[in-house]
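Enquirer: Please see the structure below; I have some questions.
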């Protein structure tokens with residue numbers, strides 16, 4: 001057995017430590033208790049190329065009730081499908097774009113991110129993966145985080161994606177963020193149902 | 001250096017559903033998790049090192065005009081991978097209750113005083129040897145609604161990144177000899193005793209500063225080890 005440090009729940013009070021400027025209203029007195037934000041919900045940098053998008057969704061529990069104290073973390077490639085990580089050796093033109101974001105949920109269980117749509121990234125067997133975002137959910141009542149993936153409803157490449165193919169067809173829809181119509185900014189809706197009817201697919205990684 | 005992330009290592013983790021901790025009942029997946037290979041998306045991860053922290057971020061006693069009340073402590077240690085190699089330049093974030101056991105959060109209505117000189121959040125990055133160090137005050141125990149007379153042991157919340165999205169860890173650091181250990185379903189959600197004790201810091205007399213602060217050591221081991229090289233013989 002390995003000797004890694006076990007995980008514990010993020011608890012209900014993480015906001016002032018991890019996501020102080022996010023949607024959660026945590027401060028009893030903003031004049032006294034301010035807190036610096038290290039990672040926020042806006043991933044767009046001045047040099048980021050590609051389509052600017054907004055991701056919106058709600059997180060709900062096994063009773064369908066909003067989880068109002070969850071934290072969502074996302075990790076994604078830039079618009080050219082390159083990660084800002086030493087594990088990705090390819091050169092990047094969006095040097096400032098980090099591709100990592102955090103949003104706490106609000107009283108309605110809602111979260112949101114402003115980012116750019118990622119490009120296709122290399123996958124198993126050298127075939128590209130459909131554009132996607134890695135999503136991690138933490139909350140009170142979760143002793144460890146759960147991992148899922150967000151794919152985009154308007155991507156034909158989803159049909160050939162090796163990871164989506166591992167998911168039973170009737171559950172695949174829970175991983176698809178739906179593009180919403182309307183003028184101006186493109187919004188993708190991605191609701192996360194932690195348990196119960198139409199439960200989001202979570203991965204063993 | 002290419003790391004692999006064996007799933008067996010995760011056996012140290014608590015199960016998603018741990019019914020003695022009541023909130024897990026409606027917040028744990030009921031469907032089996034789907035096994036997937038690790039792709040570049042999982043094997044990569046963000047880097048937030050020293051550029052993400054400012055001088056003073058690691059001293060939680062210096063964030064306001066005055067000093068917080070409570071027992072001043074030093075919390076330090078190393079972040080390692082599974083081969084016990086240091087993880088350098090990685091972000092470590094902490095948050096905690098004040099010395100009375102009260103969090104600066106609207107939802108926390110425990111009738112213990114807030115401290116206008118203590119927020120309770122800090123961050124630092126490990127150095128080239130994987131070493132980190134915080135100064136804070138010892139957090140108090142506090143009641144919670146899980147069951148009758150439920151109290152959380154003293155703890156500090158930790159968030160650590162490591163080399164990839166797979167090494168990302170959120171955990172809690174406990175203090176040695178806490179009498180609340182046997183009664184806490186969150187602590188005991190880690191069922192293996194050795195694994196559980198890896199969340200407990202040790203008292204560090206050698207680095208305790210005379211006439212100033214007690215010191216506790218908390219080493220953190222993240223997922224990730226080198227692939228065993230093929231046997232050449």
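Residue numbers (my numbering), protein chains in the order written: chain S, 1 to 205; chain H, 1 to 233.
All residues carry an ideal CB built from backbone N, CA and C; glycine is no exception.
Quick caveat, the model's predicted, so the values are computed rather than measured.
Helix, strand or coil for residue 194 (chain H), going by three-state DSSP, please let me know.
Expert: The count along the second chain starts at 1 and reaches residue 194 (chain H) at position 194. Note: residue 194 (chain H) maps to helix in three-state DSSP.
Enquirer: On a CA-only basis, which of H:217, H:199, H:91, H:178 is nearest residue 207 (chain H)? Give me that one, please.
Expert: Position 207 of the second chain, counted from the first residue, corresponds to residue 207 (chain H). Answer by Cα proximity: H:217.
Enquirer: Beta strand (DSSP E) containing residue 70 (chain S): first to last residue?
Expert: As a first step, residue 70 (chain S) must be located in the first chain, where it is residue number 70. That run of the beta strand (DSSP E) goes 70–75.
Enquirer: Rounded to whole angstroms, how far is the Cβ of residue 48 (chain S) from the Cβ of residue 116 (chain S), which I believe are closer than 8 Å?
Expert: Taking the first chain and counting its residues from 1, one reaches residue 48 (chain S) at position 48. Taking the first chain and counting its residues from 1, one reaches residue 116 (chain S) at position 116. That belief holds up - the Cβ atoms of residue 48 (chain S) and residue 116 (chain S) are roughly 5 Å apart, short of 8 Å.
Enquirer: Listing by chain order, which chain S residues have their CB less than 7 Å from the CB of residue 125 (chain H)?
Expert: The residue given as residue 125 (chain H) occupies position 125 in the second chain. The premise fails here: residue 125 (chain H) is roughly 10 Å from chain S at the closest Cβ pair, so nothing lies under 7 Å.
Enquirer: Quick one: is residue 98 (chain S) near chain H, going by C-beta distance under 9 Å?
Expert: One-based indexing of the first chain puts residue 98 (chain S) at position 98. Judged by the 9 Å Cβ criterion, residue 98 (chain S) is in contact with chain H.
Enquirer: Straight-line CA distance for residue 225 (chain H) to residue 16 (chain S)?
Expert: Working through the second chain from its first residue, we reach residue 225 (chain H) at position 225. Working through the first chain from its first residue, we reach residue 16 (chain S) at position 16. About 33 Å.
Enquirer: Please give the ranges of any beta strand (DSSP E) in the segment 40–123 of chain S, keeping only runs that are unbroken, at least 3 residues long and fully inside the region.
Expert: 52–60, 70–75, 100–104, 110–116
Enquirer: What first and last residue would you give for the alpha helix (DSSP H) that runs through residue 172 (chain S)?
Expert: Locating residue 172 (chain S) in the first chain gives position 172, where the first residue counts as 1. Unbroken alpha helix (DSSP H) run through residue 172 (chain S): 169–172.
Enquirer: Should residue 30 (chain H) be labelled buried (16 or more other beta-carbon atoms within 10 Å of its own) or exposed?
Expert: As a first step, residue 30 (chain H) is located in the second chain; it is residue number 30 there, counting from the start. With fewer than 16 Cβ atoms within 10 Å of its Cβ, residue 30 (chain H) is classed as exposed.
Enquirer: Residue 15 (chain S) lies in the alpha helix (DSSP H); which residues open and close that run?
Expert: Indexing the first chain from 1 puts residue 15 (chain S) at position 15. Segment 15–18, the alpha helix (DSSP H) holding residue 15 (chain S).
Enquirer: Run through chain S and tell me which residues come within less than 7 Å of residue 31 (chain H), C-beta to C-beta.
Expert: Counted from its first residue, the second chain places residue 31 (chain H) at position 31. The contacting residues are 199.
Enquirer: Would you mind working out which of S:96, S:32, S:180, S:119 sits nearest residue 79 (chain S), comparing C-alpha positions?
Expert: The count along the first chain starts at 1 and reaches residue 79 (chain S) at position 79. Ranking the options by Cα distance to residue 79 (chain S), first place goes to S:119.
Enquirer: Could you tell me which chain H residues have their CB closer than 9 Å to the CB of residue 129 (chain S), listed as they occur along the chain?
Expert: Taking the first residue of the first chain as position 1, residue 129 (chain S) is located at position 129. Those within 9 Å of residue 129 (chain S) in chain H are 39, 40, 41.
Enquirer: Let me check one thing: in DSSP terms, what residues is residue 91 (chain H) bridge-paired to?
Expert: Numbered from 1 along the second chain, position 91 holds the residue referred to as residue 91 (chain H). DSSP output for residue 91 (chain H) lists H:125 as bridge partner(s).
Enquirer: Can you pull the chain S residues whose beta carbon is under 7 Å from the beta carbon of residue 108 (chain H), in chain order?
Expert: Within the second chain, residue 108 (chain H) is the residue found at index 108, counting from 1. By Cβ distance, chain S contributes 13.
Enquirer: Please work out which residues of its chain come closer than 8 Å, Cβ to Cβ, to residue 153 (chain S), disregarding the five sequence neighbours upstream and downstream, and give them in chain order.
Expert: Walking along the first chain from the start, residue 153 (chain S) turns up at place 153. Once the five neighbours on either side are set aside, the close Cβ partners of residue 153 (chain S) are 176, 177, 178, 179, 188.
Enquirer: For residue 82 (chain S), does the count of other Cβ atoms within 10 angstroms reach 16, so buried, or fall short, so exposed?
Expert: Working through the first chain from its first residue, we reach residue 82 (chain S) at position 82. Under this definition residue 82 (chain S) is a buried residue.
Enquirer: Which residue from H:61, H:85, H:158, H:119 puts its Cα closest to that of residue 213 (chain H)?
Expert: Taking the second chain and counting its residues from 1, the one referred to as residue 213 (chain H) is at position 213. It is H:61.
Enquirer: Let me see if you follow: with CB-CB separation under 9 Å, is residue 1 (chain S) close to chain H or not?
Expert: If you number the first chain from 1, residue 1 (chain S) lands on position 1. Low confidence applies here, because residue 1 (chain S) scores a pLDDT of 45, under 50, leaving its location unreliable and the question unanswered by this model.
Enquirer: Check the Cβ of residue 23 (chain S) against every Cβ in chain H and list those closer than 8 Å, keeping chain order.
Expert: Mapped onto the first chain, residue 23 (chain S) falls at position 23. Simply none; closest approach about 13 Å.
Enquirer: Under 8 Å by Cβ, that's how I've got residue 101 (chain S) and residue 39 (chain S) pegged, so tell me the actual separation to the nearest angstrom.
Expert: The residue given as residue 101 (chain S) occupies position 101 in the first chain. The residue given as residue 39 (chain S) occupies position 39 in the first chain. Contact between residue 101 (chain S) and residue 39 (chain S) holds: CB atoms are separated by about 7 Å, below the 8 Å threshold.
Enquirer: Would you say residue 133 (chain H) reaches chain S, if we count a Cβ-Cβ gap shorter than 9 Å as a contact?
Expert: Numbered from its first residue, the second chain carries residue 133 (chain H) at position 133. With a threshold of 9 Å between beta carbons, residue 133 (chain H) makes no contact with chain S.
Enquirer: DSSP has residue 5 (chain H) in a bridge; who is on the other side?
Expert: Along the second chain, one-based indexing puts residue 5 (chain H) at 5. Assignment of beta-bridge partners to residue 5 (chain H) by DSSP yields no partner.
Enquirer: Counting only beta-carbon atoms, is residue 65 (chain S) nearer than 9 Å to chain H?
Expert: Taking the first residue of the first chain as 1, we reach residue 65 (chain S) at position 65. Yes, because at least one Cβ of chain H sits closer than 9 Å to the Cβ of residue 65 (chain S).
Enquirer: For residue 220 (chain H), count neighbouring C-beta atoms within 10 Å of its own C-beta (all shown protein chains included) and say buried if the count is 16 or more, exposed if not.
Expert: Residue 220 (chain H) sits at position 220 when you count from the first residue of the second chain. Flag for residue 220 (chain H) reads buried.
Enquirer: Between residue 204 (chain S) and residue 162 (chain S), what straight-line distance do the alpha-carbon atoms span, to the nearest angstrom?
Expert: As a first step, residue 204 (chain S) must be located in the first chain, where it is residue number 204. As a first step, residue 162 (chain S) must be located in the first chain, where it is residue number 162. When only Cα atoms are considered, residue 204 (chain S) and residue 162 (chain S) end up about 15 Å apart.
Enquirer: Could you list the residues in the segment 149–161 of chain H with a C-beta less than 7 Å from some C-beta on chain S, going in chain order?
Expert: Those residues of the segment 149–161 of chain H placed with their C-beta closer than 7 Å to a C-beta in chain S are 157, 159, ordered along the chain.
Enquirer: Report the residue from H:79, H:147, H:71 whose alpha carbon sits nearest the alpha carbon of residue 4 (chain S).
Expert: One-based indexing of the first chain puts residue 4 (chain S) at position 4. In this structure, H:79 is the residue among H:79, H:147, H:71 with its C-alpha nearest to the C-alpha of residue 4 (chain S).
Enquirer: Under 7 Å between beta-carbons, which chain H residues line up against residue 35 (chain S)? List them in chain order, please.
Expert: By one-based count along the first chain, residue 35 (chain S) stands at place 35. Correct list: 119, 121.
Enquirer: I need the boundaries of the beta strand (DSSP E) containing residue 136 (chain H), first residue and last residue.
Expert: Translated into positions along the second chain, residue 136 (chain H) becomes position 136. Its beta strand (DSSP E) spans residues 131–137.
Enquirer: Is there a C-beta anywhere in chain H that falls below 9 Å from the one on residue 46 (chain S)?
Expert: As a working mapping, residue 46 (chain S) is identified with position 46 in the first chain. No, residue 46 (chain S) lies away from the interface with chain H (no Cβ there is under 9 Å from its Cβ).
Enquirer: Between which two residues does the beta strand (DSSP E) containing residue 99 (chain H) stretch?
Expert: Position 99 of the second chain holds residue 99 (chain H). Looking at the DSSP string, residue 99 (chain H) is not in any beta strand (DSSP E), and its letter there is neither H nor E.
Enquirer: Return the CA-CA distance between residue 1 (chain S) and residue 156 (chain S), expressed in angstroms with no decimal places.
Expert: Locating residue 1 (chain S) in the first chain gives position 1, where the first residue counts as 1. Locating residue 156 (chain S) in the first chain gives position 156, where the first residue counts as 1. Reliability of the predicted coordinates at residue 1 (chain S) is poor, the pLDDT of 45 falling under 50, and no value is obtained from them.
Enquirer: Do residue 166 (chain S) and residue 234 (chain H) come within 9 Å of each other at the CB atom, strictly closer than that value?
Expert: No information on residue 234 (chain H) is available, as it lies outside the stretch 1 to 233 that chain H covers here.
Enquirer: For residue 119 (chain H), does the count of other Cβ atoms within 10 angstroms reach 16, so buried, or fall short, so exposed?
Expert: Residue numbering aside, residue 119 (chain H) sits at position 119 when the second chain is read from its first letter. With 16 or more other Cβ atoms within 10 Å, it is buried.
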